[in-house]
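Engineer:
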Amino acid sequence: MLGGVETRSVSPVFVGRAEEWDTLNDALTRAAAGEPQALLLGGEAGVGKTRLVEEFATAAVGKGAVVALGGCVEIGADGLPFAPFSTALRALRRELPAELAAAAAGQEEELARLLPELGESGASRHDEEGMARLFELTARLLERVAACRPVVVALEDLHWADASTRHLLAYLFRTLRTGRLVVLATYRSDDIHRRHPLRPLLAELDRLRTVRRIELPRFNREEVARQIAGIHAAEPEPTRVDAIFQRSDGNAFFVEELAVAAHEGSCNGLTDSLRDLLLVRVEALPESAQRVARIVAEGGSTVEYRLLAAVAGLAEDDLIEALRAAVNANILLAAPTGDGYRFRHSLVREAVGDDLLPGERSRLNRRYAEALEADPSLVPADQRVTRLASYWYQANDAAKALPAVLAASVAARRRDAYSEQLRLLERAMELWDAAPADVRAGLRPVDYTASYPPCGCDPATTPLRYLDLMAEAAVAGRFCGERERALKIIRRALRILDDEDDPLRAAWFWTQRSRLVQALARGDGWQELATAQDLLRGLPPSEVHAEVLTNVANWSMLHQPGPEALAAAERAVQYARMVGTREIELNARLTLGSLIADAGNTEAGLAEMYEVKERALEEGFPYVAGRAYVNLPAGLEAVGRSREATPILEEGTAFARRSGLLDTEAWAWSNLSESLGNLGRWQEAARAARNVFRHGRNAKPQGSGAICLAQLALGRGEVAEAKRQLEAAQAAFGSHDPMPQQWLPMAAIAVGIAASEGRLLDARAELNAALDAGTPPGTHQYGWPLLVAAATAEADARTLPAAEQGRAETLDRILDAAKTLSTKAPIWLAHEQWVRAELQRVEGSADAETWTPVVTAFEQLERPYDLARVRHRLAEALLATDAADHRDRVTELLRLAYAVADHLGARPLTDAIALLAQRARLSLAPASGPKPSADPVEALGLTSRERDVLRLVSNGLTNRQIAEELFISPKTASVHVSNILAKLGVSGRGEAAAVAHRLSLFPSGTRTARTTPTAG
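If you're matching positions, the sequence shown starts at 996 in my numbering and goes up one per residue.
1. Rank Leu1164, Glu1015, Glu1030 and Glu1104 by C-alpha distance to the C-alpha of Pro978 and give the top, closest one.
2. Roughly how many angstroms lie between the CA atoms of Phe981 and Gly1621, to the nearest whole one?
3. Going by beta carbon distance, what residues of the same chain come within less than 8 Å of Glu1827, once the five residues before and after it are set aside?
4. Leaving out the 5 sequence neighbours to the left and right, which residues in its chain are closer than 7 Å to Ala1127 when beta-carbon positions are compared?
5. Comparing C-alpha positions only, which one of Gln1241, Asp1237, Pro1281 and Gly1225 sits nearest to Val1255?
6. Return helix, strand or coil for Thr1181, following the three-state DSSP convention.
7. My assumption, with CB atoms under 8 Å, is that Ala1220 sits in contact with Leu1280. Please give the rounded CB distance.
8. Check Met1734 in the structure and name its three-state DSSP category.
9. Report the residue from Leu1911, Leu1910, Tyr1860 and Ala1870 whose alpha carbon sits nearest the alpha carbon of Ala1894.
10. Following the continuous alpha helix (DSSP H) through Gln1507, name the residue where it begins and the one where it ends.
11. Considering just the uninterrupted stretch of the alpha helix (DSSP H) at Ala1870, what are its terminal residues?
12. Find out if the Cβ-Cβ distance for the pair Ala1896, Ala1863 is shorter than 8 Å.
13. Take Gly1672 and list the residues in its own chain whose beta-carbon comes closer than 7 Å to its own, dropping the five residues that flank it on each side.
14. Who does Tyr1336 pair with in a DSSP beta bridge?
15. Would you say Lys1058 and Leu1034 are within 8 Å of each other, going by their C-beta atoms?
16. Can you grab the Cα-Cα spacing for the pair Tyr1777 / Ala1901, in whole Å?
17. Where do the ends of the beta strand (DSSP E) carrying Leu1150 lie?
18. Keeping to the same chain, check which residues put their C-beta closer than 6 Å to that of Ser1261; ignore five residues upstream and five downstream.
19. Less than 8 Å separating the beta-carbons of Phe1214 and Gly1174?
20. Once DSSP output is grouped into helix, strand and coil, what is the label at Ala1803?
21. Out of Ala1525, Leu1109 and Trp1016, which has the shortest C-alpha to C-alpha gap to Glu1050?
22. Below 8 Å on the Cβ atoms is my contact criterion, and I expect Gly1647 with Ser1296 to pass it. Report the Cβ-Cβ distance as a whole number of Å.
23. Assign Leu1459 to one of two classes, buried (16 or more other C-beta atoms within 10 Å of its C-beta) or exposed (fewer than that).
24. Near Leu1856, which residues of its chain fall below 7 Å by C-beta distance, leaving aside the five closest residues on each side in sequence?
25. Is the separation between the beta-carbon of Leu1383 and that of Glu1368 shorter than 8 Å?
26. Which of helix, strand or coil does DSSP assign to Val1008?
27. For the 8 Å Cβ check, are there 3 or more pairs between the region 1419-1429 and the region 1509-1526?
28. Give a yes or no on whether the C-beta atoms belonging to Gly1985 and Gly1712 are separated by under 8 Å.
29. From this set, Val1607, Arg1301 and Val1291, which residue's C-alpha is nearest Leu2017's C-alpha?
30. If you draw a straight line from the C-alpha of Ala1843 to the C-alpha of Arg1866, how long is it?
31. What are the boundary residues of the alpha helix (DSSP H) that includes Arg1208?
32. Exposed or buried, Ile1522, counting other C-beta atoms within 10 Å across all chains shown (16 or more means buried)?
33. Which of the three DSSP states, helix, strand or coil, is assigned to Ala1412?
34. Look at the alpha carbon of Gly1747 and the alpha carbon of Thr1506, and state the distance between them as a whole number of angstroms.
35. Under 7 Å: does the beta carbon of Ala1602 sit that close to some heavy atom of the ligand GTP?
36. Does DSSP classify Gly1354 as helix, strand or coil?
Listed below in structure tokens is the structure:
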């Protein structure tokens, strides 16, 4: 337990706050039961937020909880990256050293970015997932530390928080799932103006049901009286209470100030200005104490004693006396760490700071900077460069500020605090022209930048350029999600490069622009990559060459796989080897392996991807290894080797989670869902798909997860859910960056949905749109299921007269598309046979000889659902022969198919099998079980009148036409239709008609009207 919780109030009594107190204690109780809690505590400055947190912390310690306090640190206008989390983790390390060490085991290098005491932070790859990786590791660290006992993490003054702190807090609030943990954050509500950076975060957190928001109100008159009585240790006079209540308006801090001033006999001298009220007690201090207070006000939220002594320039005895006077007057307090001083309340600090003259402010900042330069040990190591940069910047000394700000940007990058890195780089660009030329000439890219590659330049002699800062800022903006700011910087850089002969650098910026255009849904990024390629033609090999070619190859693999993509990947590998960029080489080899496998050389391609995965793991390239854990199983799935893909994906999700590769983990869960679904493990597949939404930030893996859920829903007959998931997938992918691996599966689902609802024209439209978009080489794993869905829809509607128009053209399109798809793997050869069998069923020529090889092909594969479907078709074909000697085989086929469909919950297939068995008077149960009804309509529970109505519904008649046909009223017809929909478990007339046609409930001779398929 943490002892010595800091108290900054002059009032010995804790007044009011009963409702808020109950909320906090309820949160602690829930957390102790294993339900993590997230709370936001807001209120105006001085209303009593800190006092409430202090009292709650003391009570929590008394109940056996560990309390870790952290505050956002303000230095001038800057916040230190992750400062409150670093402070809180330090407190946890002091109180629970063994537990924290065990929780951080194996991730010390990454977590050292937040808590340097864990060791040296590693030189890991900086990428868009770097910050998310750190956030995930921090969340899991806190969950593990709080696994056995309640832990309260209280973060104060969120209105001063840097962007990285805000992002980390939002991540914690969204993702904490286990642990006895309470995370409490406070902020000043009156500071949150419309453009304050905290405002959108508060709006986002308000939408989370797991976050409770507490707004702390001002005191009423009764509470003000109790507070004054506590301060004076006596009941105050009613007139004094009225006066203080009126002037303070119930603000707890102002009540304290007014009460103390009245007690000291200076109440009558107070002005109406609140700032003057705050300064009254400061101005009553001796001059030396006032001077020290002004120095502390400009030094930051807390100023270390040794740093204060260096800046003040007083003799030590004089400094101590001045500090004692300020502390005794309750203006300053000793910091919780015991090595510095801070104002009792930030309002007083702000009032003192605002009272400084402009020249006085810059002079104080210069003295702070000079003292810190002379002795860097005056402040903690993890704050040193950031504070020095702030001091020099506030001192208005561009010559000193530029290198200091650049050094701070490097420190921010090393901590994955990309938002702060971007802010500091923008400040450096602001200072660039103001800094003397000799200062700029002495700066080197190798010291301050890491994004733009050296490309043969001598790092010891090449001066830093403004364009280097722009490159670094653009990448930082992309990494922290500030894509609009990054794109704006890149546009400026390209305008500058229009007047310079630097095609290599221009190509690099165009590549970055391609990534941002895709991320911002402004296009597919190809035009930008093509421009980069053109700029590089004729130039000698460089790292930029390798990076551009790798991006081109990867883009082509996803959008236009084929010989050109393969050639680009080969060139990327070649260039990466020539310039010695190992990570780019492995990344390009991974793309090359996928394309080799897609081109038909399956084993060679898979072997290359296996090799890359092992090398990336051994050589410490987590990004490439994570990508291999996604692409290698995708390659295995592309040839039907789902069982081989599954353990790799399970290993990949664990690796990505350990490495904090959140989007990679989401892709792995999506691919795992696909493999499990194909293996007939539908419940596990659904869980895997739902995990996509828990772990990923990017919309695209979530779109793939939605596709998996839509496929499962369609197989189970849950058409409405399949529609919902398809719409979610379409929204996630958008229309700006279409890829075959997106549009082909979505088209297959859309065809299945339309067919199940009897909308054959819509099914054809979906097919035509997908085939118009194309089925490039290597997309067979998405193309064949689409063709199966389309051919099945045509076969199921073969007896509909209205389906005849346009049928021939549709069948020709299916056949033409089938000729373009690979059949080099057994799984796709089986699909080709299936498509051709369905097309024969359309023509009415499919028989047992048609379906037997299809069943035989699928019996060699691990596709239980597909096997059950084709077994059902073979049984149907055998029954059509009326040969008595087939009945045993038909019974076996149907029982096997029914067992699989029933286990999976594939209701449309189980219904179809059951009705086929009933029509043939075959039992799906053991011989002793009840015999199914011979009448399939009766098996659905329909009355004779409902049978007649369903027949007419299936022929496309309206309620009025049905009424005329059966000599009943339209209202009665409507009631019958509603009963039929309920018994069939469908949501509309089209679905009811589709069920009737699919199950062949009515021979063609019973139809009395022609049906016109709907167009949606």
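No residue lacks a Cβ here, since even glycine has one placed at the ideal position from N, Cα and C.
Structural biologist: To lay it out plainly:
1. Nothing in the structure corresponds to residue 978, since the chain is present only between 996 and 2011.
2. The requested residue 981 is not part of the displayed model; the chain covers only 996 to 2011.
3. Trp1779, Ala1813, Leu1816 and Thr1818
4. Gly1655, Leu1657 and Arg1692
5. Gly1225
6. strand
7. Not quite, the Cβ-Cβ distance comes to about 30 Å (not below 8 Å), so this is no contact.
8. coil
9. Tyr1860
10. Pro1498 to Ala1514
11. Pro1859 to Leu1874
12. yes
13. Ala1680, Cys1703, Gln1706 and Leu1707
14. Val1298 and Ala1329
15. no
16. 21 Å
17. Val1146 to Glu1151
18. Bear in mind that the predicted position of Ser1261 carries a pLDDT of just 49, short of 50, making it too unreliable to give a figure here.
19. no
20. helix
21. Trp1016
22. Not confirmed; about 43 Å, so no contact.
23. buried
24. Gly1635, Pro1821, Ile1822 and Ala1825
25. yes
26. coil
27. no
28. no
29. Absent from the structure is residue 2017, since the part of the chain shown begins at 996 and ends at 2011.
30. 11 Å
31. Arg1208 -> not in any alpha helix (DSSP H); beta strand (DSSP E) instead, spanning Val1206 to Glu1210.
32. Here the sequence assigns Gln to residue 1522, which means Ile is not the residue at that position. Looking at its Cβ environment, which holds fewer than 16 other Cβ atoms inside 10 Å, Gln1522 is exposed.
33. coil
34. 39 Å
35. Among the components of this structure there are no ligands whatsoever, and the ligand GTP is therefore not found.
36. helix
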